[in-house]
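Novice: Have a look at this one.
Number of protein chains: 2
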Amino acid sequence: MADGQQFNIVTEGSVTTPQGFTAGGLHCGLKKTDRHDLGAIVCEVAAAAAAVYTTNVFQAAPIKVTRESLASSGRLRAVIVNSGNANACTGKQGEEDAYSMRNAFAEAIGVANEEVAVASTGVIGELLKMDKVYAGIKQLPGKLQADDQAAEDFSQAILTTDLVKKTIAVELNIDGKAVKIGGAAKGSGMIHPNMATMLGFVTTDANIEPSSLQNLLREVTNVSFNMITVDGDTSTNDMLIALASGLAGNDSLSEAHPSWGSFKAALTFVCVHLAKAIARDGEGATKLVEVRVQGAVNDEAAQAIAKTIIGSSLVKSAVFGADANWGRIIAAVGRAGQPVNPDTVDIALGDIVTLRQSSPVAFDEEQALEYLKGDTVIISVNLNMENGKAIAWGCDLTYDYVRINAAYRT
Amino acid sequence: MADGQQFNIVTEGSVTTPQGFTAGGLHCGLKKTDRHDLGAIVCEVAAAAAAVYTTNVFQAAPIKVTRESLASSGRLRAVIVNSGNANACTGKQGEEDAYSMRNAFAEAIGVANEEVAVASTGVIGELLKMDKVYAGIKQLPGKLQADDQAAEDFSQAILTTDLVKKTIAVELNIDGKAVKIGGAAKGSGMIHPNMATMLGFVTTDANIEPSSLQNLLREVTNVSFNMITVDGDTSTNDMLIALASGLAGNDSLSEAHPSWGSFKAALTFVCVHLAKAIARDGEGATKLVEVRVQGAVNDEAAQAIAKTIIGSSLVKSAVFGADANWGRIIAAVGRAGQPVNPDTVDIALGDIVTLRQSSPVAFDEEQALEYLKGDTVIISVNLNMENGKAIAWGCDLTYDYVRINAAYRT
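As they're listed, the protein sequences go chains A and B.
Counting in my numbering, the first sequence runs without a single skipped number right up to 410 at its last residue.
Counting in my numbering, the second sequence runs without a single skipped number right up to 410 at its last residue.
Written as structure tokens, this is what we have:
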């Protein structure tokens, strides 16, 4: 493999693809169905670790605990995750439960408490059933494997209203060594710019210091997970965590390393893949919507405009109905609070131009209908001002979104 | 009637209740159905006028024309409105059409062009069928009356996806004279903080200078129309216009007048009534949701938090499903970008307290279900910090919202 922006996708790859990682999942009883609800990723060495968290003022108890673990040495041996209960807004007891969950799993696999991170997703405001959690933690070490089935079990254990698991792995060459990056994510509701009941787990066997991994993860998050929205809500529990075992044996990665760009491109691919998978699996979604904005005064303006379009309930409903209602797109552009020249905007749905220099262009409605019926819809907006650009992802707004969210808790 | 914050509601009152105003409406053919789509309010004298407009960068042609009319002398004789077509993003031709519509109606009722305002609502990006508009304008003067039926015809002519007309009138005593304020509004989709395909018309026979009316209208809009949201979108066509004939004969109203507070309270009541009517009639809505925030660091913070809650698709879906999912409410509070103490928040649904000092309170789920099934749901949030407070209105998110917006244009 030549150096540069090159990497291969590993078929059926996931968080156990990189060297040093095992994973597993099981049903301990937090979900009412018999689906998996407790899982873990374990690294055989102390992995360099990095994480980004929800920006919500109300941060769930597991986030507090994970922050504390990560602050200890910047390295982790494991992350334990439950679904079915977010352990958020649960007061002092919830905090104690998150610590107990962490410490119990640390003991079960024989590592220090501070070497374990905790993540939770599910209903807010109810206490965790700790007897079920403890029972699950007893069985979990016996389930940990590096094979595909174990990775699959983990991916299932982190889902809530998701319909499909979201996993990926890539491989690239750094310093003559095969470096792998794997990822798994969950999320389908409460997904918005700043990561909302989204859990993401990235593993790699690359050799990289925690501080470099942290900076890179933050940068990559801004063009991947932070560019998706399902409904504009931001959860109390979002977390993206990256673990690097270093077992690939490459020279330590930093901005000075000649393969930094390649590694960044590969990690970006993994995170964008997972982010798009979350958007496509948005609650009730029937299609992925990609919004490409160019010609904005800068990238930040383009990001804000792209997110406003992708977040518009009217645009999302129109896409669901395969209605080429570009008026709603331009209305969203106009309320994004960014510099826009009202006379120079182009809009296209796929290849079908509907607006040029802010004037309507006659187009074939039948052709547009056919395009909008597809499973991926690309909306392109060119402001024709400067060179700012951005891409955002989301989904359509459907009857099923309403159905799912009208009765989530009950 | 004693002076102070006192006024009476006029039964079946509307824009023709105040002295000096006639109105009317008819079907000219802009809508595919046979519902009214062209209407006007006419004042027998040059009324003091004021208006507030959409904040969208893309402002529809009629807004440009109305701004120009209003800038001429601050006084208007009439406003002509069509539904079925927004005349937005229609380029030079659309602008010419808006002027032609204004000028044709000015000629038909024998006033100067600059004494007429124009408003449009409906589909974006299609040219007005001007032959139908002209034919309607010819008939419209013959329909203008001060009676209830004519006011009803006008109210019908401004509707799009609205299910019910929205009208109100009040009466109060100023300087020993009976002063009346009437109002009509339309709007059910694209409604958000800064007025979105919302058209509002307020008439009064109060004697007041245009500049005082303008300042007051802006102030009142901020606690009424700007505090409602249906779906977070902001139209290109919003307009709230107020006309004051002065025929009540009171001394000219200004902040120095002893009845200024009474007049303001009455106008606020009219605008809040219309705003709530719009929220309740939100596209697909089954109930009105009122969010009361108190204890914020200031009123602006309270407004932002109230609007974030009322705008949350997850909160709206839960209300539709009568699910007491207060976790989504606190998640919305936490992402509003305002100062919040995460340990001191109280939340109640009606009288049912679900969170106190940020800790869950056990409540009767059956009782909550019964309450949430009602046609009005009040969500109260107390941040227990300072004295900032605000009230916002919205509606639930339903299957019908999706149905209506998936196929609006077709």
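Just so you know, even glycine gets a beta-carbon here, dropped at the ideal spot from N, CA and C.
Quantities reported herein were computed from a predicted structural model and do not represent experimental measurements.
Just mark H192 of chain A as buried or exposed, buried being the case when its beta carbon has 16 or more other beta carbons within 10 Å.
Specialist: In the first sequence, counting from the first residue as 1, residue 192 of chain A sits at position 192. For H192 of chain A, the predicted structure reports a pLDDT of 45, less than 50, and the residue's modelled location is therefore unreliable. A value from the coordinates is still provided. Label assigned to H192 of chain A: buried.
Novice: Could you spell out the range, first to last residue, of the beta strand (DSSP E) harbouring R442 of chain B?
Specialist: This structure cannot settle anything about residue 442 of chain B, because the visible part of chain B is limited to 1 through 410.
Novice: Kindly say whether Q367 of chain B, judged by its beta-carbon, lies nearer than 9 Å to any beta-carbon of chain A.
Specialist: Translated into the one-based positions of the second sequence, residue 367 of chain B becomes position 367. False, the Cβ-Cβ gap to chain A never drops below 9 Å.
Novice: Would you verify that the beta carbon of N325 of chain B is, or is not, closer than 9 Å to some beta carbon of chain A?
Specialist: Reading the second sequence from its first residue, position 325 is the one you call residue 325 of chain B. Interface residue, yes.
Novice: Quick one: is G91 of chain B near chain A, going by C-beta distance under 9 Å?
Specialist: In the second sequence, counting from the first residue as 1, residue 91 of chain B sits at position 91. Yes, because at least one Cβ of chain A sits closer than 9 Å to the Cβ of G91 of chain B.
Novice: Could you give the distance in angstroms between the alpha-carbon of D343 of chain B and the alpha-carbon of F58 of chain A?
Specialist: Taking the first residue of the second sequence as 1, we reach residue 343 of chain B at position 343. Taking the first residue of the first sequence as 1, we reach residue 58 of chain A at position 58. Rounded to whole angstroms, D343 of chain B and F58 of chain A show a C-alpha spacing of 9 Å.
Novice: Whose C-beta lies closer than 6 Å to the C-beta of S400 of chain B among residues of the same chain, with five residues either side of it excluded?
Specialist: For the purposes of this step, residue 400 of chain B is taken as residue 400 along the second sequence, with counting starting at 1. Per the sequence shown, the amino acid found at residue 400 of chain B is Asp instead of Ser. Same-chain partners within the cutoff: G284.
Novice: I think I310 of chain A touches V291 of chain A, with their Cβ atoms under 8 Å apart; what is that distance to the nearest whole Å?
Specialist: By one-based count along the first sequence, residue 310 of chain A stands at place 310. By one-based count along the first sequence, residue 291 of chain A stands at place 291. That belief holds up - the Cβ atoms of I310 of chain A and V291 of chain A are roughly 5 Å apart, short of 8 Å.
Novice: Please decide whether E300 of chain B counts as near chain A, where near means a Cβ-Cβ distance under 9 Å.
Specialist: The sequence position of residue 300 of chain B within the second sequence is 300, counting from 1. For E300 of chain B, the answer is no, since every Cβ of chain A falls outside 9 Å of its Cβ.
Novice: Taking CB distances under 9 Å as the criterion, tell me whether T398 of chain B reaches chain A.
Specialist: Position 398 of the second sequence, counted from the first residue, corresponds to residue 398 of chain B. Taking Cβ atoms only, chain A reaches closer than 9 Å to T398 of chain B, which makes this a yes.
Novice: Taking the straight line between their C-alpha atoms, what separation do you get for G176 of chain B and T398 of chain A?
Specialist: Looking up residue 176 of chain B in the second sequence gives position 176. Looking up residue 398 of chain A in the first sequence gives position 398. Their backbone Cα atoms lie some 57 Å apart in a straight line.
Novice: Select from B:L172, B:R403 and B:A98 the residue whose C-alpha is nearest the C-alpha of I137 of chain B.
Specialist: The residue you call residue 137 of chain B lines up with position 137 of the second sequence. Among B:L172, B:R403 and B:A98, the Cα nearest to that of I137 of chain B belongs to B:A98.
Novice: Return the chain-ordered list of same chain residues with a C-beta closer than 8 Å to the C-beta of V272 of chain A, the five sequence neighbours on each side being excluded.
Specialist: The count along the first sequence starts at 1 and reaches residue 272 of chain A at position 272. Here the set comprises V223 and S224.
Novice: What does V123 of chain A touch in chain B if you count any residue whose Cβ is under 9 Å from its own?
Specialist: As a working mapping, residue 123 of chain A is identified with position 123 in the first sequence. Result: N325 and G327.
Novice: According to a CB-to-CB cut-off of less than 7 Å, which residues of the stretch 285-316 of chain B neighbour chain A?
Specialist: Only S312, S313 and L314 from the stretch 285-316 of chain B bring a Cβ to less than 7 Å from some Cβ of chain A.
Novice: Mind pulling the chain B residues with CB within less than 7 Å of P342 of chain A?
Specialist: Taking the first sequence and counting its residues from 1, the one referred to as residue 342 of chain A is at position 342. Ordered by position in chain B, the residues that pass the 7 Å Cβ test against P342 of chain A are V57 and F58.
Novice: Please state the DSSP three-state secondary structure of M195 of chain B.
Specialist: Position 195 of the second sequence, counting from 1, holds the residue named residue 195 of chain B. Confidence in M195 of chain B is poor, its pLDDT being 37 and thus under 50, which makes the residue's placement unreliable; the coordinate value appears in the next sentence. Coil, per DSSP.
Novice: Hey, is the stretch 311-330 of chain B in contact with the stretch 257-274 of chain B, meaning 3+ C-beta pairs nearer than 8 Å?
Specialist: no
Novice: Of all the CB atoms in chain B, is at least one closer than 9 Å to the CB of N382 of chain A?
Specialist: In the first sequence, residue 382 of chain A corresponds to position 382, counting from 1. By this cut-off, N382 of chain A is not an interface position.
Novice: Rounded to the nearest angstrom, what separates T286 of chain A and A279 of chain A at their Cα positions?
Specialist: Along the first sequence, one-based indexing puts residue 286 of chain A at 286. Along the first sequence, one-based indexing puts residue 279 of chain A at 279. T286 of chain A and A279 of chain A: Cα-Cα distance of roughly 10 Å.
Novice: Assign Q156 of chain A to one of three DSSP states: helix, strand, or coil.
Specialist: Along the first sequence, read from residue 1 onward, the residue named residue 156 of chain A stands at position 156. If DSSP states are grouped into helix, strand and coil, Q156 of chain A belongs with the helices.
Novice: Just to confirm my understanding: we take E114 of chain B, look at its own chain, exclude 5 residues before and 5 after, and list those with CB closer than 6 Å. What are they?
Specialist: Against the second sequence, residue 114 of chain B aligns to sequence position 114. Counting only Cβ-Cβ distances below 6 Å, and skipping sequence neighbours, we find S69 and S72.
Novice: Could you check whether the Cβ of R102 of chain B sits closer than 9 Å to any Cβ belonging to chain E?
Specialist: Going by chain labels, chain E is absent from the structure shown, which instead holds the protein chains A and B.
Novice: Identify the continuous beta strand (DSSP E) that holds S262 of chain A and give its terminal residues.
Specialist: As a first step, residue 262 of chain A must be located in the first sequence, where it is residue number 262. Note, S262 of chain A: premise wrong, no beta strand (DSSP E); alpha helix (DSSP H) at W260 to R280.
Novice: Under a CB-based cut-off of 9 Å, is G334 of chain B close to chain A?
Specialist: Taking the first residue of the second sequence as position 1, residue 334 of chain B is located at position 334. Contact of G334 of chain B with chain A is assigned, a C-beta pair being separated by under 9 Å.
Novice: Starting from R403 of chain B, trace the alpha helix (DSSP H) both ways and give me its first and last residue.
Specialist: The residue you call residue 403 of chain B lines up with position 403 of the second sequence. Start and end: Y399 to A406.
Novice: Report the neighbours of N87 of chain A on chain B: residues whose CB is nearer than 9 Å to its CB, in chain order.
Specialist: As a working mapping, residue 87 of chain A is identified with position 87 in the first sequence. Residues of chain B passing the Cβ test: none, with the nearest at roughly 11 Å.
Novice: For chain B, find out if any of its Cβ atoms is closer than 9 Å to the Cβ of I404 of chain A; answer yes or no.
Specialist: To locate residue 404 of chain A, count along the first sequence from 1; it is residue 404. Yes, its Cβ sits closer than 9 Å to a Cβ of chain B.
Novice: Buried or exposed for T33 of chain B, going by 16 or more other Cβ atoms inside 10 Å?
Specialist: Mapped onto the second sequence, residue 33 of chain B falls at position 33. By the beta-carbon neighbour count (other beta carbons within 10 angstroms, threshold 16), T33 of chain B is exposed.
Novice: Below 8 Å on the Cβ atoms is my contact criterion, and I expect A50 of chain B with L172 of chain B to pass it. Report the Cβ-Cβ distance as a whole number of Å.
Specialist: Taking the second sequence and counting its residues from 1, the one referred to as residue 50 of chain B is at position 50. Taking the second sequence and counting its residues from 1, the one referred to as residue 172 of chain B is at position 172. So it is not a contact: roughly 19 Å between Cβ atoms.
Novice: Quick one: does A318 of chain B have its CB under 9 Å from some CB of chain A?
Specialist: Taking the second sequence and counting its residues from 1, one reaches residue 318 of chain B at position 318. At least one chain A Cβ lies under 9 Å of A318 of chain B.
Novice: Going straight from the alpha carbon of A196 of chain A to that of G337 of chain A, what length do you get?
Specialist: Locating residue 196 of chain A in the first sequence gives position 196, counting from the first residue. Locating residue 337 of chain A in the first sequence gives position 337, counting from the first residue. Unreliable positioning characterises A196 of chain A in this predicted model, as indicated by a pLDDT of 45, which lies under 50. The coordinate reading is nonetheless provided below. One C-alpha to the other measures close to 23 Å.
Novice: Quick check on this structure: which residue in B:G350, B:D205 and B:A146 has the alpha carbon closest to the alpha carbon of G25 of chain B?
Specialist: For the purposes of this step, residue 25 of chain B is taken as the residue at position 25 of the second sequence. Per the Cα distances, B:A146.
Novice: Using a Cβ-Cβ distance cut-off of 9 Å, determine whether G321 of chain B contacts chain A.
Specialist: Residue 321 of chain B sits at position 321 when you count from the first residue of the second sequence. It does: the Cβ of G321 of chain B has a partner Cβ on chain A nearer than 9 Å.
Novice: By a C-beta neighbour count over all protein chains shown, 10 Å radius and 16 as the cutoff for buried, is P258 of chain A buried or exposed?
Specialist: In the first sequence, residue 258 of chain A corresponds to position 258, counting from 1. It counts as exposed.
Novice: Roughly how many whole angstroms lie between the Cα atoms of T410 of chain B and V52 of chain A?
Specialist: On the second sequence, position 410 is the one that residue 410 of chain B refers to. On the first sequence, position 52 is the one that residue 52 of chain A refers to. For T410 of chain B, the pLDDT reaches just 48, beneath the cut-off of 50, and the residue's location in the model is therefore unreliable, leaving the point undetermined.
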